[in-house]
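In this note's numbering, the protein residues as written are 3 to 421.
Positions of the beta carbon are idealized from the N, C-alpha and C atoms, including for glycine.
A quick note: this is a predicted structure, and the numbers were derived from the prediction, not measured.
Written below as structure tokens is the structure these notes are about.
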Amino acid sequence: MKKRCVLIGILLIILTTNGCWDRRELENLGLVKALGLDLGPDRKGLTVTTMIAIPSKFGSGQSNGGGGGADGPGVLLISMDAPTIYEAFNLINTTVNREVTLLQNQVLLIGEELARYGIEKWVDNLIRFREMRRNMLVFVCKGKAGEIMKVQPKLETNPAEYFTDLVALSRRTGMYPMVTVNDFLKNYEAYSQENYLPLLAKFQEEVGETESNQAGGEEESKSGEGGAPKEEGPKEPAGIRLIGSAIFKKDRMVGVFDIYETQILLLLNDEFKEAMLTIEDPLKKDNYIVFNLLATAPVQIRYRPQNNVNSFKVKLKLEANIVSIQSRIDYTRPQLENYLGRVIAGELKKRVDKTIKKAQQEFNSDVFGFGDKVKRIFITSTAYENYHWPDKFKDSMIETEVKVDIRRVGVQFQPPVNR
């Protein structure tokens with residue numbers, strides 16, 4: 003009897019122990035670091051671009067000088083046209099000897115044309131895949147995502163880290179949002195706030211500069227040292243920059259906020275931390291005051307429906323640290339300090355009103371989350387959905403109030419005086 007119990011126990015342990023039948027060896031995997039999606043040539047499918055890590059280039063201890071790039075050390079770029087993302091993966095696996103996987107994917111890049119066409123079905127295609135990470139950062143690219151992925155960063159061997167580190171700087175600049183796949187899906191399903199994504203663009207050297215360089219070295223190119231002609235390859239993109247945010251209506255991109263409008267967007271969504279801003283000196287024209295703006299309190303939004311009109315009251319309370327005063331006017335005096343705080347608040351109020359108006363009149367897209375306040379007055383989600391808030395946002399009355407307190411004036415109280 004005792005032996006039988008031991009045997010049964012051993013069998014139970016064997017049945018509950020995970021096996022290794024589905025194991026995948028690391029050396030057999032092609033690790034995708036960044037994934038790019040563009041609208042396909044037939045406008046029905048996709049052009050999928052994968053940035054696959056080259057293991058021998060990572061952790062090899064080599065010093066690459068200027069770093070890596072899409073066509074240089076570190077990663078391999080492969081693009082395929084296919085009706086679906088997974089079909090593209092299958093086609094990519096016909097060109098590489100490793101199984102393509104998204105286990106370590108960090109970045110999702112979406113081309114502007116695809117973003118304006120609609121991305122819901124493609125994002126849905128991704129999230130059903132168990133390897134997809136919902137904390138993956140999402141970007142919209144001005145032009146094609148595949149072209150942006152060819153950037154060759156000078157400070158990073160892994161271009162995917164270049165994208166993630168670049169957008170992380172928003173905590174200091176407040177000029178672009180930091181959005182994950184999970185954030186995008188949450189807003190899309192909530193029906194109370196539209197989506198926005200950081201917008202990337204490619205930039206190159208000025209044409210005049212390039213032509214002058216070519217003209218200056220024309221004779222040297224023809225002869226060179228030893229008489230051998232110098233060969234010039236295709237011009238590489240100089241780099242990329244974040245130029246603001248792409249504004250969505252449902253799953254389609256409908257417009258763009260520049261970096262300054264994006265600061266207001268983040269401010270109204272309680273995602274703004276701090277940023278350096280510049281205004282013209284109110285007491286001396288053609289001079290500027292630089293200050294570090296700090297968000298010290300949450301945004302207060304009150305919803306007040308009146309006579310079938312959706313009315314909102316928005317209150318912003320901020321602090322500012324003075325960084326530079328070109329006019330050398332002593333704003334540390336109490337009266338001038340309070341006056342400067344009111345001037346900064348007035349300038350910010352203009353920017354807030356202008357950004358909200360643009361979202362209402364040009365895009366009809368509630369990217370600020372006013373719908374969250376409207377949603378609370380309904381007992382059921384069905385009643386709220388039948389109210390069709392996204393269509394009523396453009397006719398809403400939104401009043402704003404901004405208060406700015408001068409917190410610090412720098413390490414020197416009075417301006418320097420030439421004696």
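- Going straight from the alpha carbon of residue 80 to that of residue 152, what length do you get? 11 Å
- Can you grab the Cα-Cα spacing for the pair residue 299 / residue 283, in whole Å? 26 Å
- Message: Please list the terminal residues of the continuous beta strand (DSSP E) segment that includes residue 205.
- Response: 198 to 205
- Query: If you count every other CB in all the chains shown that lies within 10 Å of the CB of residue 205, and 16 or more means buried, which is it?
  - Reply: Around the beta-carbon of residue 205, fewer than 16 other beta-carbon atoms lie within 10 Å, marking it exposed.
- Report yes or no: do three or more beta-carbon pairs, one from the region 396 to 415 and one from the region 361 to 373, lie closer than 8 Å? yes
- Any chance the region 280 to 296 sits against the region 313 to 322, with 3 or more Cβ pairs inside 8 Å? yes
- Item | Residues of its chain near residue 380, where Cβ-Cβ distance is below 8 Å and the 5 sequence neighbours each way are ignored | 386 and 389
- Decide yes or no for the touch test of the region 123 to 141 against the region 174 to 189: beta carbon pairs closer than 8 Å, at least 3 of them. yes
- Message: Give me, in chain order, the residues of the same chain whose beta-carbon lies closer than 7 Å to that of residue 100; leave out the 5 immediate sequence neighbours on both sides.
- Response: 30, 31 and 32
- Message: Between 247, 41, 353 and 335, which has its C-alpha nearest residue 113's C-alpha?
- Response: 41
- Query: Can the beta-carbon of residue 406 be found less than 8 Å from the beta-carbon of residue 350?
  - Reply: yes
- Message: According to DSSP, is residue 371 part of a helix, a strand, or is it coil?
- Response: coil
- Item | Distance between residue 289 and residue 409 (C-alpha atoms, nearest Å) | 22 Å
- Query: Looking at C-alpha atoms only, which residue of 166, 253 and 5 is the closest neighbour of residue 126?
  - Reply: 253
- Quick one: give me the first and last residue of the alpha helix (DSSP H) that residue 269 is part of. 261 to 270
- Item | Where the alpha helix (DSSP H) containing residue 91 begins and where it ends | 87 to 94
- Item | Cα-Cα separation between residue 88 and residue 95, rounded to whole angstroms | 11 Å
- Unbroken beta strand (DSSP E) runs of length 3 or more, entirely within the region 127 to 190: which are they? Segments of the beta strand (DSSP E) lying fully in the region 127 to 190: 139 to 143.
- Query: Just the Cα atoms here: how many angstroms apart are residue 141 and residue 8?
  - Reply: 58 Å
- Task: Going by CA-CA distance only, name the one from 6, 37 and 55 that's closest to residue 128.
- Result: 37
- Item | Whole-Å CB distance - residue 168 paired with residue 111, under 8 Å assumed | Contact doesn't hold; Cβ gap of about 12 Å is too wide.
- Item | Identity of the residue in 131, 277 and 58 nearest residue 105 by Cα | 131
- Query: Between residue 266 and residue 357, is the Cβ-Cβ spacing less than 8 Å?
  - Reply: yes
- Query: So, using beta-carbon positions, are residue 35 and residue 77 closer together than 8 Å?
  - Reply: yes
- Pull up the distance between the alpha-carbon of residue 392 and that of residue 352, whole angstroms please. Residue 392 and residue 352: Cα-Cα distance of roughly 24 Å.
- Distance, Cα to Cα, residue 56 vs residue 86? 25 Å
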